[in-house]
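For the sequence shown, our numbering begins at 540 and goes up steadily by one. Glycine included, every Cβ here is placed at the ideal spot set by N, Cα and C. For reference, the structure discussed in these notes is given below.
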Amino acid sequence: MAGTGKTVTRVDLCEAVYQKVGLSRTESSAFVELVLKEITDCLERGETVKLSSFGSFMVRKKGQRIGRNPKTGTEVPISPRRVMVFKPSAILKQRINGNGVTAAAAPAAPPSTTAAKAE
Numbered sequence: 540m541a542g543t544g545k546t547v548t549r550v551d552l553c554e555a556v557y558q559k560v561g562l563s564r565t566e567s568s569a570f571v572e573l574v575l576k577e578i579t580d581c582l583e584r585g586e587t588v589k590l591s592s593f594g595s596f597m598v599r600k601k602g603q604r605i606g607r608n609p610k611t612g613t614e615v616p617i618s619p620r621r622v623m624v625f626k627p628s629a630i631l632k633q634r635i636n637g638n639g640v641t642a643a644a645a646p647a648a649p650p651s652t653t654a655a656k657a658e
């Protein structure tokens, strides 16, 4: 699928779970729907959804502001609203840019200072 410009749909995700995990198609579909529903429910409550090595989904509040009708130039108030934002992880950014870093190849945490004190 990479590089083809194809849009991945729920059906594609369900099929991938079916192929790679081995659940039935019905179970795969239910699993994908459950994950998407949980993410949606968390975002509705204003919670941040952080998926390690993938990125974070956040809800931000935007205040009221004045916009302009491009056709007439008339000022129009834009009401306050909440918007969903996705911030990709550094690992995802590297993979997208072809650096091929995987979670296993990600830099390890620095050694603990307790080992150095023991010497």
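LEU590 places its beta carbon 8 Å or farther from that of VAL571.
With 16 or more other Cβ atoms inside 10 Å of its own Cβ, SER567 counts as buried. For the pair PHE593 and MET623, the CB atoms are not nearer than the 8 Å cut-off. Each of VAL598, LEU575, VAL556 was checked against the Cα of LYS626, and the nearest Cα belongs to VAL598. LEU631 and THR613 have their alpha carbons spaced roughly 42 Å apart. With a cutoff of 8 Å on beta-carbon distance, VAL588 and CYS581 are scored as near each other.
For GLN603, the closest alpha carbon among the candidates LYS610, ARG621, THR611 is that of ARG621.
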